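*Asks:* Okay, here's the structure, questions in a sec.
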Amino acid sequence: MFAQPSAPLVRLAVRAYPRAWRRRYGVEIQSLVVDRQVSWADLFDLVLGAFDARLHSQLAPRPALAAILPARSVPVPSPALPAYGAMPSAPVAVQTRRAFLRRMLGAGIALVSLEFLGGSLAFFWPQIRGGLGGKIAVGTIADILARQPDFATGWPYSHPPARAFLINVPAAEALALGLPTSVPNPTADQLLVLWRKCPHLGCQVPELCDDLKRFTCRCHGSTYNILGEKLKNGPAARGMDRFAVSINADGVVVIDSSQITAGALERGPDHLVFTDAHPWDAVCPY
Amino acid sequence: MPNDQLIGDLGRFAEPALLVLVSLSSGPKHGYAIMSDVASFSGTRIGPGTLYAVLARLEQRGLIEPLEANERRRPYRLTDGGAASLDAQLREMDRLMRAARLRLPDLSG
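The listed protein sequences correspond, in order, to chains A and B.
The numbering of the first sequence is this note's numbering, which starts it at 1 and goes up by one.
The numbering of the second sequence is this note's numbering, which starts it at 1 and goes up by one.
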C-alpha cells in the first residue's frame with residue numbers, strides 16, 4: 001500500500017530545493033521521478049540532495065546557461081527577469097524593502113528584549129558598596145575611646161553612619177547595675193551593635209537616659225534596657241534589632257549593617273538576658 | 001594533474017561522479033538514462049537527489065555540459081575536459097589495480 005511514496009510527497013521533496021536550483025533542474029527532476037518508479041530510498045535521496053543544494057549554494061546554476069533553458073510556462077513577473085541568476089534591480093528592491101522592514105522589526109524586538117534582560121539583571125546587582133546596608137568601619141577601640149572615653153565604662157557609643165549604638169557589653173551591664181567598671185579593651189564578642197531604629201514604627205531611639213540607663217523611644221515610649229531588650233512599656237513587640245559586628249586584623253571595629261538580627265520578642269521580665277537595677281516598668285522621663 | 005583534483009575533491013560524490021562520467025563517455029544521456037545505464041553496467045543505484053547533486057558539480061567544474069532540452073528531458077554530454085579527467089582517473093585506478101595484483105598474486109587467477 002505504501003510501497004511507494006505518493007506523487008505529492010515527491011513534489012514536496014523537489015520543492016525543498018532552493019529556488020535557483022529548481023529553476024534550473026526542477027523540470028528535469030520532475031520528469032525523472034515521473035519516468036521512474038520512485039522508491040522511499042529515492043525520496044530520501046532527494047531530501048538529502050535538497051539539503052546538499054542548500055548547503056552548497058555556490059553550486060546554483062549560473063546565468064550563462066539561461067540561453068538554453070526552455071521557456072517557462074508560468075509568466076515571470078518582470079519581462080527582463082531571466083529564469084535564474086542575476087536578478088534585475090526592481091524586484092530586488094521590493095524584496096529588500098520587505099526584508100529590511102522585517103529585519104528592523106526583529107532588531108527592535110531584540111533591542112527591547114536586551115534592555116529588559118539587562119535591566120532585570122542590573123536590578124539584582126547589589127547596589128550598596130558602603131553606608132547603611134553595607135559594612136561600616138567605626139575605628140579601633142582606641143579611636144573610639146579617644147572620641148568618647150566613657151565607652152570604657154559602659155556608655156553606648158553612637159555611630160551615626162550606621163545609625164547604631166556600639167555597646168561595650170560587660171561595662172554596660174555594670175553601668176546599668178550601678179557598679180561602674182572600666183573595660184578598656186573589649187573583644188569582638190563583648191561588643192553589641194543596636195540599630196537605633198525603633199522596631200515599633202521606626203523612630204530613632206534616643207541616647208541612654210542618665211538616671212535609668214535605659215533607652216526610651218520618644219515616639220511611643222517603647223523602653224529597652226542597655227542591651228536593647230524590650231521592657232514593659234511601649235507598643236514595640238520586640239527588642240532593638242542588632243547588626244553583626246567584628247574586629248578586623250587591623251583592630252578596626254566593623255559593623256555589617258547588612259546582617260540584621262531581629263530583637264528578641266518581649267516575653268516578660270523573667271526572660272530577659274540582663275536585668276538592670278530598676279523596676280520592669282520604669283521609663284525614662286521624656 | 002588538475003583534472004584529478006577536479007573529481008578528487010567531490011568527497012562522497014566522487015564515486016557516483018565517476019560512474020556518471022563513465023556513462024556519459026558512450027554518448028549524451030539524460031538523467032533517467034544515466035541512472036538506468038549506471039544500474040546496468042555497475043549494478044549501482046544512484047538516487048535522483050544524488051544524481052543531480054553530481055550533475056551540478058560536474059557541470060560547475062566544466063566536466064559535462066547540458067544540451068538543448070528534448071521535451072522535459074535534458075541530455076548531458078561529456079566535455080573534452082571531462083573526458084580527460086575520466087581518462088586520468090581510469091589510468092590512476094588501473095595503476096592501483098596492477099600494484100594490488102602484484103602484491104596479491106593469489107587473487108589474480
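We put the beta carbon where it would ideally sit given N, CA and C, even for glycine.
Note that the structure is a prediction, hence the values are computed from the model and not measured.
Indicate whether B:G44 and B:L19 have their beta-carbon atoms separated by less than 8 Å.
*Replies:* For the purposes of this step, residue 44 of chain B is taken as residue 44 along the second sequence, with counting starting at 1. For the purposes of this step, residue 19 of chain B is taken as residue 19 along the second sequence, with counting starting at 1. Correcting the residue type first, residue 44 of chain B is Thr in the shown sequence and not Gly. In this structure, B:L19 lies closer than 8 Å to B:T44 by Cβ.
*Asks:* Under a Cβ-count criterion, where at least 16 other Cβ atoms within 10 Å of its own Cβ denotes burial, should A:N225 be classed as buried or exposed?
*Replies:* As a working mapping, residue 225 of chain A is identified with position 225 in the first sequence. By the 10 Å Cβ count, A:N225 comes out buried.
*Asks:* If the cut is a Cβ gap below 8 Å, which residues of chain B does A:L46 touch?
*Replies:* As a position in the first sequence, residue 46 of chain A is number 46, starting the count at 1. Those are G47, P48, G49, listed as they occur along chain B.
*Asks:* Identify whether A:I109 lies in helix, strand or coil by the three-state DSSP scheme.
*Replies:* Sequence index remark: in the first sequence, residue 109 of chain A carries index 109 (1-based). In the structure shown, A:I109 sits in a helix (DSSP, three-state: H, G or I).
*Asks:* Name the residues in the segment 18 to 38 of chain A whose C-beta lies less than 9 Å from a C-beta of chain B; which are they?
*Replies:* The segment 18 to 38 of chain A vs chain B, Cβ under 9 Å: W21, R24, Y25, V27, E28, I29, Q30, S31, L32, V33, V34, D35, R36, V38.
*Asks:* Could you tell me which chain B residues have their CB closer than 9 Å to the CB of A:A53, listed as they occur along the chain?
*Replies:* On the first sequence, residue 53 of chain A is found 53 positions in, with the first residue counted as 1. Per Cβ cutoff of 9 Å: G49, Y52, A53, A56.
*Asks:* Could you tell me whether the Cβ atoms of B:E65 and B:R57 are closer together than 8 Å?
*Replies:* One-based indexing of the second sequence puts residue 65 of chain B at position 65. One-based indexing of the second sequence puts residue 57 of chain B at position 57. Not closer than 8 Å, so no.
*Asks:* Does DSSP classify A:V34 as helix, strand or coil?
*Replies:* By 1-based counting over the first sequence, the position of residue 34 of chain A is 34. Reduced to three states, the DSSP call for A:V34 is helix.
*Asks:* Considering only residues of the same chain and omitting the five flanking positions on each side of B:S23, which have a CB-CB separation below 7 Å?
*Replies:* On the second sequence, residue 23 of chain B is found 23 positions in, with the first residue counted as 1. Closer than 7 Å at Cβ, skipping near neighbours: K29, I34, D37, V38.
*Asks:* Report whether the distance from the Cβ of A:S258 to the nearest heavy atom of the ligand GTP is below 7 Å.
*Replies:* For the ligand GTP, the structure offers nothing, since it holds no ligand at all.
*Asks:* Once the 5 residues before and after A:P156 are set aside, which same chain residues still bring their CB inside 6 Å of it?
*Replies:* In the first sequence, counting from the first residue as 1, residue 156 of chain A sits at position 156. The residues are F165, I167, L208.
*Asks:* So, does the CB of B:G31 fall closer than 8 Å to a CB anywhere in chain A?
*Replies:* For the purposes of this step, residue 31 of chain B is taken as the residue at position 31 of the second sequence. For B:G31, the answer is yes, since a Cβ of chain A falls inside 8 Å of its Cβ.
*Asks:* Below 8 Å, can you find three or more Cβ-Cβ pairs linking the segment 236 to 243 of chain A to the segment 190 to 207 of chain A?
*Replies:* Output reads yes: the segment 190 to 207 of chain A touches the segment 236 to 243 of chain A.
*Asks:* Distance check for A:A264 and A:L192, CA to CA, integer angstroms please.
*Replies:* Counting from one through the first sequence, the residue named residue 192 of chain A turns up at place 192. Counting from one through the first sequence, the residue named residue 264 of chain A turns up at place 264. Looking at the two C-alpha atoms, the distance is approximately 14 Å.
*Asks:* Beta carbon of A:L177, beta carbon of A:D276: below 8 Å?
*Replies:* As a working note, residue 177 of chain A is residue 177 in the first sequence. As a working note, residue 276 of chain A is residue 276 in the first sequence. Their beta carbons are under 8 Å apart, which means A:L177 touches A:D276 by this criterion.
*Asks:* What in chain B is Cβ-close to A:A7, meaning under 7 Å?
*Replies:* Within the first sequence, the letter at position 7 stands for residue 7 of chain A. Under the 7 Å cutoff, chain B gives no residues; its nearest Cβ is about 14 Å from A:A7.
*Asks:* Which residues in the same chain have their Cβ closer than 6 Å to the Cβ of A:G234, if we skip the five residues on either side of it in sequence?
*Replies:* Within the first sequence, numbered from 1, the residue matching residue 234 of chain A stands at position 234. Excluding residues within five positions, the ones whose Cβ falls inside 6 Å are H220, G221, S222, T223.
*Asks:* How would you call A:A297, buried or exposed, if buried means at least 16 neighbouring beta carbons within 10 angstroms?
*Replies:* Nothing in the structure corresponds to residue 297 of chain A, since chain A is present only between 1 and 286.
*Asks:* So is A:A3 in contact with chain B if we call contact Cβ pairs under 8 Å?
*Replies:* As a working mapping, residue 3 of chain A is identified with position 3 in the first sequence. It does not: the Cβ of A:A3 has no partner Cβ on chain B nearer than 8 Å.
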